[in-house]
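Read through the structure below, which is laid out as structure tokens, and then see the notes.
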Amino acid sequence: MEFSRVLIQFALWVAILHQLNQVIGFPLHAAALDDIPAYSDSTDREWRLQVDAHVKENLASILRDEAVNRLDKLGKVSDSQEFLQRTFMSPAALRAGQLIRTWMADAGLFTWIDDMGNVHGRFDGMNSSAPALLIGSHMDTVIDAGRYDGALGIISAIAAVKALQKSGKLREYPRPIEIIAFSDEEGVRFQSTFLGSGAIAGTLSPNLLQVKDKRGVTVQQALQKLSFPGTKESIVHLKYEPESVWGYVEVHIEQGPVLEAKGLPLGVVDAIAGQTRLRVSMKGSAGHAGTVPMAMRKDPMPAAAQAIVAIEELCIRLSQSVGQVTALQATENKGGALVCTVGEIASWPGASNVIPGEVTFSVDVRAKDDSVRELAVGNMEVIIHEICRNRAISCTIERKNEAKTVDCDHELTERLTESATAATSELSTLAGVPTANQEAVPTISSGAGHDALAMAQLTKVGIIFVRCTGGISHSPEEHVLDDDIWAAGLALHSFLEADLPKSLSA
Ligand SMILES: *[C@@H]1O[C@H](CO)[C@@H](O)[C@H](O)[C@H]1NC(C)=O
Ligand SMILES: [Zn+2]
């Protein structure tokens, strides 16, 4: 009898304390965030300020600690035991998609996976029929990848939206917010980038489904093996109507050294360099390495070697002549004049005692200036054909992928700059991280293509760059400081907050 009365009294006290917590907003424990009444339910400014203070304390746990933790987790989802690799429609890519989906749901988003394997999380906001803000990046990786490329953009978007949801402000957002984790940006498996964002933007070629990977599996077969329809209609259907989209924002690691050199965590992108990917195939005649005299050979391997060296020479020469024009800009990383890379080569049949019958290699050409890139590719084609003609080798050059330089939206870029500036100064207060100089957030150009490149065909785009150690990317050495991950989340959070009705911003 006596004991149960004590229990009842205890329960009463717990209830009273809980009420007290509701009234004065005293942070009893972190989970109390869930109990905060809707922001708009109260008209009391004092109350709102208290909620704000309460939420700020807990923002760090979402925007920093949880984001860092999730990047760590996602970085372990790999098709290889030894290194990080997630390619389009691979088992690890599917697992990563599922994981991301649960995190999106945890942020209060409605989630689905589309017919190209993109993972979506959407919240309708105040007006479900208003054009939606899309935020995204890619979940596929290169081979032996770092864990921030692509993943950082997805994780920080989820973190920013979750923080907004926890503070009860998400429901006041004036338009739908949709986070998309794109299934293919790196193009490792099918040599054709942007299968994910390209489908949403409607830029994919109709022939895409028949493109084969190294083992002869087509995109269609890869999709159908995993029970996606893999039909032309199902892909065409994924395209978003431009009227239904407000804009696209992406957070991405810089993959270059500029921010680190400046001692700053964030930058905003003004333009993405255009890119051409070629596939060069050289056919000669295969033969016995011991019996065919040198003079009687049609060996495509030396032809390829000669072509590769010629490509390098051409690009050095052209980039130097372009570099002179933009020397001033180059120091601002605006030049990034012209870069050419042969990163992949294969020979058939590929045996040490056989003269190869065929050699194929890739060429990746990028420039901020489209005319420079076109000039380089045009010259390259002439040079390669000439080398093949001289050696009686038959040559084909395929343009696998071509993307023009994309300018980011001016207004969006300005808004992102304001948000990144606010985040940088907030961070120096919160974490005691001093900024190295007065230049809060620099504007830089991107030499790397991102999903924003495809999305720019659909809507206006803006990109925030995040500093990475040594500018290293596409490598397990890739690293982003925990506080910089925090900065990225804060910047997106502040960008979203700026869109809230004025009465809600403190
Ligand atoms: C919601 O958005 C649609 C499309 O932009 C617009 O026509 C409509 O007026 C908006 N509704 C409200 C209540 O603002
Ligand atoms: Zn990337």
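Numbering (mature numbering (1 follows the signal peptide of the UniProt record, and there is no 0)), first residue to last: -25 to -1, 1 to 481.
Glycine included, every Cβ here is placed at the ideal spot set by N, Cα and C.
Check the Cα spacing between residue 315 and each of 256, 295, 328 and 37: the tightest is with 295.
Taking 7 Å as the cut-off, the C-beta of residue 227 counts as close to a heavy atom of ligand 2.
About 15 Å separates the CB atoms of residue 132 and residue 34; that is not less than 8 Å, and the two are not in contact. Here residue 433 is not near residue 143, since their CB atoms are 8 Å or more apart. The region 229 to 314 contains, as complete beta strand (DSSP E) runs of 3+ residues, the segments 241 to 247 and 249 to 258 (chain order). Assigned with DSSP and collapsed to three states, residue 370 falls in strand.
A Cβ-Cβ distance of about 5 Å is found for the pair residue 184 and residue 194, placing them in contact under the 8 Å criterion.
Annotation for residue 107 indicates a beta carbon at 7 Å or more from all heavy atoms of ligand 1. Residue 441 is not a Cβ neighbour of residue 155, given a cutoff of 8 Å. Going by beta carbons, residue 134 and residue 38 fall inside the 8 Å limit. Just measuring C-alpha positions, the residue of 72, 111 and 363 sitting nearest residue 222 is 111. Per DSSP, the unbroken beta strand (DSSP E) holding residue 113 starts and ends at 107 to 113. By the beta-carbon neighbour count (other beta carbons within 10 angstroms, threshold 16), residue 87 is exposed. The Cβ atoms of residue 150 and residue 106 lie closer than 8 Å to each other.
Within its own chain, the residues whose Cβ lies closer than 8 Å to the Cβ of residue 345, once the five positions on either side in sequence are excluded, are 249, 379 and 380, listed in chain order. Cβ neighbours of residue 140 within its own chain (closer than 7 Å, five residues either side excluded): 82 and 83. With contacts defined by Cβ atoms closer than 8 Å, residue 330 and residue 264 form a contacting pair.
Per DSSP, residue 133 lies in no beta strand (DSSP E); the unbroken alpha helix (DSSP H) holding it starts and ends at 126 to 141. For residue 219, the shortest C-beta to heavy atom distance toward ligand 1 is 7 Å or greater. Annotation for residue 458: the continuous alpha helix (DSSP H) segment containing it runs 457 to 472. If you check the C-beta of residue 349 against ligand 2, you find no heavy atom less than 7 Å away.
Under DSSP, residue 102 forms no beta bridge with any residue. Taken atom to atom, the span from the alpha-carbon of residue 470 to that of residue 438 is near 12 Å.
Closest by C-alpha distance to residue 220, out of 468, 436, 54 and 404, is 436.
Residue pairing from DSSP leaves residue 45 without any beta-bridge partner. One alpha carbon belongs to residue 318, the other to residue 254, and they sit about 11 Å apart. According to the DSSP secondary-structure assignment, residue 360 is paired through a beta bridge with no residue. With contacts defined by Cβ atoms closer than 8 Å, residue 128 and residue 225 form a contacting pair.
Assignment of residue 345 by DSSP, reduced to helix, strand and coil, places it in the helix class. Taking C-beta atoms under 8 Å as the contact rule, residue 116 and residue 59 qualify, at a distance of about 6 Å. Judged by their CB atoms, residue 162 and residue 91 are not nearer to each other than the 8 Å cut-off.
Assignment of residue 95 by DSSP, reduced to helix, strand and coil, places it in the strand class. Annotation for residue 211: no residue places its beta carbon closer than 7 Å to its own, counting only its chain and skipping 5 residues before and after.
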